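Pasting the structure below:
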């Protein structure tokens, strides 16, 4: 199912990476931040806390990568280049991710920055939209988004252009053994 | 006025070029997007779940209001456009709103909300890229899903440079430019206004589909979110969303899914710590009257994908600036008639050529041409017909007079006729012969030629219904049919009292005339016993088989006649179908002739109303011909009966595309099974001076018959 998910997600311009452990995923994130930020002096990364960060020493992570901001507000989110959050489900048939947000700050990470890094536990990938919806108590959640690839437009001469109002890069980090 | 608008649109190479390229690419990619799915099953589900909404509208509105209120949304239901505007303006004033961001919402365009907000001194910014361009340019969208499709990158750069700041005509740079400038507007806005694609009554959930992500920003950043939702967006149950999610992106833009589908349930705590305000305006504007109308309740099955625009041979030439008001194209014509009143659709309803291309792709299974015809009928009834039209139809209803005029015409036309064609007509009639030549009316019509045909006597008999075109313009098609049927041991009968099938009147909404034509023909055709009644014109076949009963019922004719119409309908077959059956049964045999290649044009009524397309191809192939398919073989040729007389410029342009597609096959023979299509395509071929034969299949088959 992961293979189908990856194939479908890549077909709509998402970047999918598989990690055997949390540690591997964190190394990847550190590397990505280093490559995509100006330096260490500004907070160019907003990271919404989630169970993925359980057991991670955030203080030492911050020391190593001072670009990260865990305290999200409108200012930090709108000036950040990278937003990181943990999403709730994957849908293999379309390569989509499902982001359930109780908190507006989780949402801001996937709305405002140019790069959205979505952490998706491997065991959360379901075959179809219907299967995913069976697991979500829809009337109890305030807001949810099915995200399929980066933001796109074809409004000028029908030329497909990636990255309009939302992220221009969507990286899905599928992590096993969480 | 509409004539001038059409002329202007047809001369706009950007618009017609962009729309046609899109429409050609769309058909291919749409088919691909639906691969592996059962489109018929999906649209059956959508049609039935949305029909349920129309039937139970009041109850579903109440349920939605209750669920959404339980979720914490403020819900306002109104039937009136001015109350929607007032609600939003009052809310804005109360909260000291200075600036509003909007993501695309047709409902707000329907009530011209932006104009009213601006009059109150409130800044409004559309944030969908295409809508923003249109807003800056001070124009109207030309397409429901692709609002700026009529503008090139150079036009857009000019608009941006003039209204915002200088930017070069580079698409990717202009997209970044829009992100930068609109991001400031998003961050500063006090209110966000969206529409919704689906509203679920059971849970009070709104679903909003976007690709750009602008609706997400519109909902997340300002403290107040107002969703303006037409009641036709309602579904009863949460599970009803699935078939719509499958169909909407595929049908709208041939995507498997849009980048974002947002589910909005409850207001949450805003990022400044205050409570977010979430308002839903449920908007009616005559939609509940539509739900009660036995014909127009179907309109609730629309999911606003605009696929009916994308496949429309007329829309792709003239676009939404002519073909529509707020809502464009076929479905737009219908929505205009209801949201702005029947009269508002008077000019645009005539633009539908009734080809039925939209019916086969509509994910809501709406009979769009049927509903437009219903508008035509109601307009004809309400407004009456002009004097000229009345005179014409009263003649058509008097068979003897009509036929003697046609015969007389064959004499009058002599000075302008050459080699069986009329190439130029004088004065105001010249439009008719501008892009195609017209066939000369035959010296001896089929009804007179028939008397001279000596047929062997056979037990098996069929009645032939010729229709005006074969009778008076192409009697040789009728003769070829007699020859074919005789070779299969069938005698052809021709009741002389038969007259026009009524199509010209029917497709103009003049139903009393159409019903009278039906009556005369039923009486004429049922006087003799025969196995079948056949016609070699699919428009006539459809009239005899499907329309007569309907027309008579509608015009309150007596039960006895309606029963007769039903008896007749059962006997009617299109000639292409019967001939194919006889070939399969080996009753018609062909001589061996050298291989010749042909391409086949599918007449609209034959393929879409009668579902016949394999049969004529198979017959021609079995007569030793080699088929080379053309691109868009089933796209209308532009004839559309009297359409080519009403809108000759559109008809001519559609024909031109058909000819291009024919030329690309490099064959020298075009076959089709409709005398109207023969007339149109042959007229275009003559006008362009192409060395191409355009023939009714029946003629080609008859020429290849095995002797003895």
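Chains as they are written, first to last, in the numbering used here: chain A, 9 to 186; chain B, 205 to 912.
C-beta: ideal position from N, C-alpha, C; glycine also.
These numbers come from a predicted model, not from an experiment.
Span separating the alpha-carbon of residue i from that of residue j
{"i": "residue 675(B)", "j": "residue 753(B)", "result": "24 Å"}
{"i": "residue 749(B)", "j": "residue 471(B)", "result": "56 Å"}
{"i": "residue 487(B)", "j": "residue 283(B)", "result": "6 Å"}
{"i": "residue 857(B)", "j": "residue 842(B)", "result": "8 Å"}
{"i": "residue 811(B)", "j": "residue 801(B)", "result": "22 Å"}
{"i": "residue 815(B)", "j": "residue 887(B)", "result": "26 Å"}
{"i": "residue 603(B)", "j": "residue 723(B)", "result": "12 Å"}
{"i": "residue 115(A)", "j": "residue 579(B)", "result": "47 Å"}
{"i": "residue 872(B)", "j": "residue 608(B)", "result": "37 Å"}
{"i": "residue 227(B)", "j": "residue 865(B)", "result": "15 Å"}
{"i": "residue 259(B)", "j": "residue 496(B)", "result": "8 Å"}
{"i": "residue 664(B)", "j": "residue 751(B)", "result": "27 Å"}
{"i": "residue 319(B)", "j": "residue 378(B)", "result": "26 Å"}
{"i": "residue 360(B)", "j": "residue 286(B)", "result": "33 Å"}
{"i": "residue 897(B)", "j": "residue 381(B)", "result": "54 Å"}
{"i": "residue 271(B)", "j": "residue 347(B)", "result": "34 Å"}
{"i": "residue 705(B)", "j": "residue 718(B)", "result": "8 Å"}
{"i": "residue 78(A)", "j": "residue 49(A)", "result": "15 Å"}
{"i": "residue 87(A)", "j": "residue 121(A)", "result": "8 Å"}
{"i": "residue 244(B)", "j": "residue 817(B)", "result": "19 Å"}
{"i": "residue 551(B)", "j": "residue 758(B)", "result": "25 Å"}
Boundaries (first-last residue) of the alpha helix (DSSP H) holding residue i
{"i": "residue 177(A)", "result": "Element bounds for residue 177(A): not the alpha helix (DSSP H) but the beta strand (DSSP E), 177-183."}
{"i": "residue 886(B)", "result": "879-892"}
{"i": "residue 313(B)", "result": "310-314"}
{"i": "residue 819(B)", "result": "818-826"}
{"i": "residue 540(B)", "result": "533-543"}
{"i": "residue 778(B)", "result": "No alpha helix (DSSP H) holds residue 778(B); the beta strand (DSSP E) holding it covers 776-778."}
{"i": "residue 729(B)", "result": "715-729"}
{"i": "residue 264(B)", "result": "261-275"}
{"i": "residue 750(B)", "result": "It is not in any alpha helix (DSSP H) - residue 750(B) carries neither H nor E in the DSSP assignment."}
{"i": "residue 682(B)", "result": "679-691"}
{"i": "residue 574(B)", "result": "572-587"}
DSSP three-state assignment for residue i, whether helix, strand or coil
{"i": "residue 241(B)", "result": "coil"}
{"i": "residue 351(B)", "result": "coil"}
{"i": "residue 708(B)", "result": "helix"}
{"i": "residue 87(A)", "result": "helix"}
{"i": "residue 344(B)", "result": "coil"}
{"i": "residue 210(B)", "result": "helix"}
{"i": "residue 840(B)", "result": "coil"}
{"i": "residue 59(A)", "result": "helix"}
{"i": "residue 372(B)", "result": "coil"}
{"i": "residue 82(A)", "result": "helix"}
Limits of the beta strand (DSSP E) - the one that residue i falls within
{"i": "residue 109(A)", "result": "104-109"}
{"i": "residue 804(B)", "result": "800-804"}
{"i": "residue 831(B)", "result": "829-831"}
{"i": "residue 483(B)", "result": "481-487"}
{"i": "residue 459(B)", "result": "Where residue 459(B) is concerned, there is no enclosing beta strand (DSSP E), given that its DSSP letter is neither H nor E."}
{"i": "residue 1(A)", "result": "No answer is possible for residue 1(A): it lies beyond the span of chain A, which begins at 9 and ends at 186."}
{"i": "residue 553(B)", "result": "Segment 550-553 is the alpha helix (DSSP H) holding residue 553(B); no beta strand (DSSP E) there."}
{"i": "residue 668(B)", "result": "665-669"}
{"i": "residue 899(B)", "result": "897-900"}
For residue j and residue i, believed in contact at Cβ under 8 Å, the rounded distance
{"i": "residue 465(B)", "j": "residue 153(A)", "result": "7 Å"}
{"i": "residue 433(B)", "j": "residue 485(B)", "result": "7 Å"}
{"i": "residue 524(B)", "j": "residue 540(B)", "result": "About 11 Å separates the two Cβ atoms, so there is no contact after all."}
{"i": "residue 89(A)", "j": "residue 52(A)", "result": "5 Å"}
{"i": "residue 418(B)", "j": "residue 173(A)", "result": "4 Å"}
For the segment 412-437 of chain B, which residues have a CB atom closer than 7 Å to at least one CB atom of chain A, in sequence order? 415, 416, 417, 418, 420, 421 and 424
For the segment 146-165 of chain A, which residues have a beta carbon sitting closer than 8 Å to at least one beta carbon of chain B? 146, 147, 149, 150, 151, 152, 153, 154, 155, 156, 157, 158, 159, 160, 161, 162, 163, 164 and 165
Under 7 Å, CB to CB, which of the residues in the segment 520-543 of chain B have a partner in chain A? none
Output, in sequence order along the chain, the residues in the segment 339-373 of chain B whose CB is closer than 8 Å to any CB in chain A. Look at the segment 339-373 of chain B: the residues with a C-beta under 8 Å from a C-beta of chain A are 350, 351, 352, 353, 355, 356, 357 and 360.
If the cut-off is 9 Å on Cβ atoms, which residues from the segment 465-480 of chain B count as contacting chain A, listed in chain order? 465, 466, 467, 468, 469, 470, 471, 472, 473, 474, 475, 476 and 480
Below 9 Å between beta carbons is the criterion; list the residues of the segment 393-414 of chain B that meet it against any residue of chain A, in chain order. 404, 406, 407, 408, 409 and 414
Which residues, in order along the segment 856-878 of chain B, keep a beta-carbon less than 9 Å from a beta-carbon of chain A? Along the segment 856-878 of chain B, none of the residues has a CB nearer than 9 Å to a CB of chain A.
Short-range partners of chain A found in the segment 266-297 of chain B, where Cβ spacing is below 9 Å: 271, 274, 275 and 276
The segment 115-130 of chain A: positions lying closer than 7 Å to chain B by Cβ: 115, 116 and 119
Interface residues of the segment 131-142 of chain A facing chain B [CB-CB below 7 Å]: Only 137 and 138 from the segment 131-142 of chain A bring a Cβ to less than 7 Å from some Cβ of chain B.
Residues, ordered as in the chain, of the segment 67-99 of chain A that lie near chain B by beta-carbon distance below 7 Å: 81, 82 and 86
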